[in-house]
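These protein sequence lines are chains A and B, in that order.
Here the numbering used here is used: the first residue of the first sequence is 1, the next is one more, and so on.
Here the numbering used here is used: the first residue of the second sequence is 1001, the next is one more, and so on.
The C-beta atom is built at its ideal place from N, Cα and C for all residues, glycine as well.
One structure is given below, encoded as structure tokens.
Number of protein chains: 2
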Amino acid sequence: MPTIKDVARIAKVSITTVSATINGTAPVSEELQRRVWAAVEEAGYHPNPLAQNLRKGISTTVGLIVPDIATPWAAHLAKAMQTALSERGYNMLFASNEDDPERELREIDLFSSHRVAGLIIAATSHGERYMERLSESIRTPAVLVDRILEGSRFDAVTDDNLLGAQLVTRYLLKLGHRDIAFLVGRPGISPSDERFGGFQSAMAEAGIPVREDLVRREVYKQDHAFSAVQQLMTRASPPTAIVCINIAQLLGTMAGLKNMGLRVPQDVSVISFDGFHPAEGWAPSITSLSQDIATTAKQAAELLLARISGTLVGEPRLIRVQPGLKVRESCRQI
Amino acid sequence: MPTIKDVARIAKVSITTVSATINGTAPVSEELQRRVWAAVEEAGYHPNPLAQNLRKGISTTVGLIVPDIATPWAAHLAKAMQTALSERGYNMLFASNEDDPERELREIDLFSSHRVAGLIIAATSHGERYMERLSESIRTPAVLVDRILEGSRFDAVTDDNLLGAQLVTRYLLKLGHRDIAFLVGRPGISPSDERFGGFQSAMAEAGIPVREDLVRREVYKQDHAFSAVQQLMTRASPPTAIVCINIAQLLGTMAGLKNMGLRVPQDVSVISFDGFHPAEGWAPSITSLSQDIATTAKQAAELLLARISGTLVGEPRLIRVQPGLKVRESCRQI
DNA sequence: GAGCCAACACGAAACGTTTCGTCAATATCG
DNA sequence: CGATATTGACGAAACGTTTCGTGTTGGCTC
């Protein structure tokens, strides 16, 4: 690989001049600029970012940490994030941790020791003393996405879950549903709590009592939803609609219903958050809240780079991305 | 961040000694080793990989380039690859290019200028003078996955597509299907060609002629499949089964059939490659070839690291990963 | 006891940049 | 026209490592 020295030799100027021309950090005469650029071309020179970063004491790499890259949400986020970052000359390392807080902390350490400039984290948000430990581990700027931590020192970008849940609930109410099952996730995880809150508030607003026996908590894995659904649907008075707050719940719910021979939406309506609908073409397509992942990624990238560059200082920012309801086939009028 | 200098100061030894103890590259007395490790602990020292790599003239980062990270195949590959690499102390940059060869070449350049140690590429494999241009751009070790390039100088890991297609075809034949539609992808893309080859050979082996009017070519996007299916199913003698060679085709096919009001498998059977089945719980689940992505990732990582370290030299290797047929509900007995 | 060799410790150079300080030449001002 | 900026160019130091070569010590062999 050609170095700046080679360029200097070819252009018959000093190393300093080459650097100044390339970076525009100091005035260089027309003539020498011409010679330098020609030499750069001839040598096929690209600056070595390792050396640049070492000297400047910075890095142009940011780390993305998600619970599971194989979920559609994370995959889309990664894609959008990579685009957003590469536009600004940054590149991205990433890691997936199976929603295990211990692994997550190790990944943060790993990335830190690799001197990333900043981190984007879809935090696992559970485990003992989670916030303290996370806070201790992170020594670079960081932006949380999706799951936020109340009172943390980090910027965050997340969906307007309260509004989203209200949209979902009002839609079901409009269709005539009263006996609505709601699957809550792990307690303390912000999207889960907020979505449940939105559900409650929309129900209250309509003056309809929430049937506590149809609220299932700690449903955060596919098989939890699978069995929760079995129990819900065998009640004396089963729900007419089931709200899933994430894709794992949706997959489990659909599998559970299919297993019991129940059809959607004829026997029960299903509605979901986490805009991913497995696929058009399968019956039934799922009415769900659409998430604007591209915006989330862009906002998070912007926030992070602003912190890195020092453009943005002070109090942590919280950005809410607006959801919209995408009506498909999985809910019926009562 | 503490440097090696700080450690040396605390331990009251030379920088050289610290480096020697940490890396075990030169004999150091018990006593000094003890002091050094204590100092490392006290300072909370982590070596700066930037400086290490600069000095050693190497890097511990590899780049992963895929057509679309948002496809389940790529997402799972990325996950498995990241795990495989981080076990060996490497980390991973990645990029997604929307199956655009020009973007792909730019990404290769970008990664090269960032001095990655090697590349793992699920090549787009099309475009003018593709192989020459790719070959020119890549100056590091590289391993191709999924799509391979005949006669290229790169190692490759891919599924045994011939065998896979034979498994699929024999299964359909066993169920009594004779009028089988086959959707071919872009010509020249190895998995597509190989899969079609396997189909032909299995049909020949059974002595059943391939109905050329049911073979649709250049079907590589979801909407291509959507319209191909419409045309296929309105023929005088429509197929009783449709073979999709990738997930885009499968999605398009299912959407097309649904759009026409046709049911799977009652009206027509569907079988797919690319083991991803959108979701259990939706009707119908799709009988498909399962791919062993974890193995693919591991083999590719191993190959690449062996090339990087120089353990492996000489002729390019080609590794075939064995597929298996996963029977679900989308094919019926005739 | 002279001569060697291994073990141990270290200073200094090198990796490829950016940047500080210096210096000469030219332009600007009163 | 002399003093003072300004422009343009450069040498050398620095970023944090690894590694080469040198030197000192002590133990071993004959």
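Neighbour-count burial assignment, residue i, 16 or more Cβ in a 10 Å radius
| i | result |
| --- | --- |
| serine 174/A | Note that residue 174/A corresponds to lysine in the displayed sequence, not to serine. It is exposed - the Cβ of lysine 174/A has fewer than 16 other Cβ atoms within 10 Å. |
| methionine 1/A | exposed |
| valine 264/A | buried |
| lysine 1079/B | buried |
| arginine 1115/B | buried |
| threonine 216/A | Checking the sequence shown, residue 216/A turns out to be arginine, not threonine. Under this definition arginine 216/A is a buried residue. |
| glycine 324/A | exposed |
| lysine 1012/B | exposed |
| lysine 298/A | buried |
| serine 1272/B | buried |
| proline 1209/B | exposed |
| threonine 236/A | Sequence inspection shows alanine at residue 236/A; the threonine mentioned does not correspond to that position. Exposed, since its Cβ has fewer than 16 Cβ neighbours within 10 Å. |
| arginine 147/A | buried |
| threonine 1016/B | exposed |
| alanine 84/A | buried |
| threonine 253/A | buried |
| isoleucine 1334/B | exposed |
| glycine 44/A | exposed |
| proline 187/A | exposed |
| asparagine 246/A | buried |
| leucine 318/A | exposed |
Cα-Cα separation, residue i to residue j
| i | j | result |
| --- | --- | --- |
| glycine 63/A | glutamine 1200/B | 47 Å |
| serine 96/A | valine 66/A | 5 Å |
| leucine 1134/B | leucine 1105/B | 7 Å |
| serine 227/A | leucine 214/A | 13 Å |
| glycine 310/A | serine 137/A | 21 Å |
| alanine 1248/B | isoleucine 1189/B | 15 Å |
| tyrosine 1090/B | leucine 110/A | 11 Å |
| alanine 74/A | alanine 1255/B | 25 Å |
| threonine 295/A | leucine 1250/B | 29 Å |
| alanine 1008/B | glutamate 1041/B | 12 Å |
| aspartate 1160/B | arginine 1320/B | 5 Å |
| threonine 1169/B | proline 239/A | 44 Å |
| isoleucine 1010/B | arginine 1055/B | 24 Å |
| glycine 176/A | alanine 283/A | 23 Å |
| valine 1270/B | serine 1285/B | 10 Å |
| valine 36/A | proline 47/A | 14 Å |
| glutamine 230/A | glycine 207/A | 28 Å |
Simplified DSSP state of residue i, which is helix, strand or coil
| i | result |
| --- | --- |
| phenylalanine 1182/B | strand |
| valine 229/A | helix |
| lysine 1221/B | coil |
| leucine 105/A | helix |
| leucine 1142/B | It is alanine, not leucine, that sits at residue 1142/B in the sequence shown. Alanine 1142/B: strand per DSSP, three-state reduction. |
| lysine 1258/B | helix |
| leucine 134/A | helix |
| threonine 61/A | strand |
| threonine 240/A | coil |
| threonine 253/A | helix |
| threonine 1071/B | coil |
| aspartate 1159/B | strand |
| serine 1014/B | coil |
| valine 1036/B | helix |
| arginine 115/A | coil |
| glycine 1024/B | coil |
| phenylalanine 1094/B | strand |
| threonine 1295/B | helix |
| serine 1201/B | helix |
| threonine 287/A | strand |
| glycine 164/A | helix |
At a CB distance below 9 Å, what residues from the stretch 107-124 of chain A approach chain B? Give them in sequence order.
Those residues of the stretch 107-124 of chain A that come within reach of chain B (Cβ to Cβ, closer than 9 Å) are Glu107, Asp109, Leu110, Phe111, Ser112, Ser113, His114, Arg115.
Below 7 Å between beta carbons is the criterion; list the residues of the stretch 1282-1293 of chain B that meet it against any residue of chain A, in chain order.
Across the stretch 1282-1293 of chain B, CB contacts with chain A closer than 7 Å involve Trp1282, Ala1283, in sequence order along the chain.
With a cut-off of 8 Å, do at least 3 Cβ pairs link the stretch 1118-1127 of chain B to the stretch 1137-1157 of chain B?
The stretch 1118-1127 of chain B, when compared against the stretch 1137-1157 of chain B, does touch it at the 8 Å Cβ threshold.
Pairing CB atoms from the stretch 1013-1024 of chain B with CB atoms from the stretch 189-196 of chain A, are three or more of them under 8 Å?
no
Across the stretch 1132-1146 of chain B and the stretch 1288-1304 of chain B, are there enough close Cβ pairs to call them in contact, namely three or more that are closer than 8 Å?
yes
In chain order, what residues of the stretch 227-253 of chain A put their CB closer than 7 Å to some CB of chain B?
Leu251
Using a beta-carbon distance cut-off of less than 7 Å, what residues from the stretch 1028-1054 of chain B approach chain A?
His1046, Asn1048, Pro1049, Leu1050, Ala1051, Asn1053, Leu1054
Using a Cβ-Cβ cutoff of 7 Å, what residues of the stretch 1076-1093 of chain B are near chain A? List them in chain order.
Cβ contacts with chain A come from His1076, Ala1078, Lys1079, Gln1082, Asn1091, Met1092, Leu1093.
Chain-ordered residues of the stretch 1132-1150 of chain B with a beta carbon less than 8 Å from chain A
none
Which residues, in chain order, does the stretch 1305-1327 of chain B contribute to contact with chain A at a C-beta distance below 7 Å?
none
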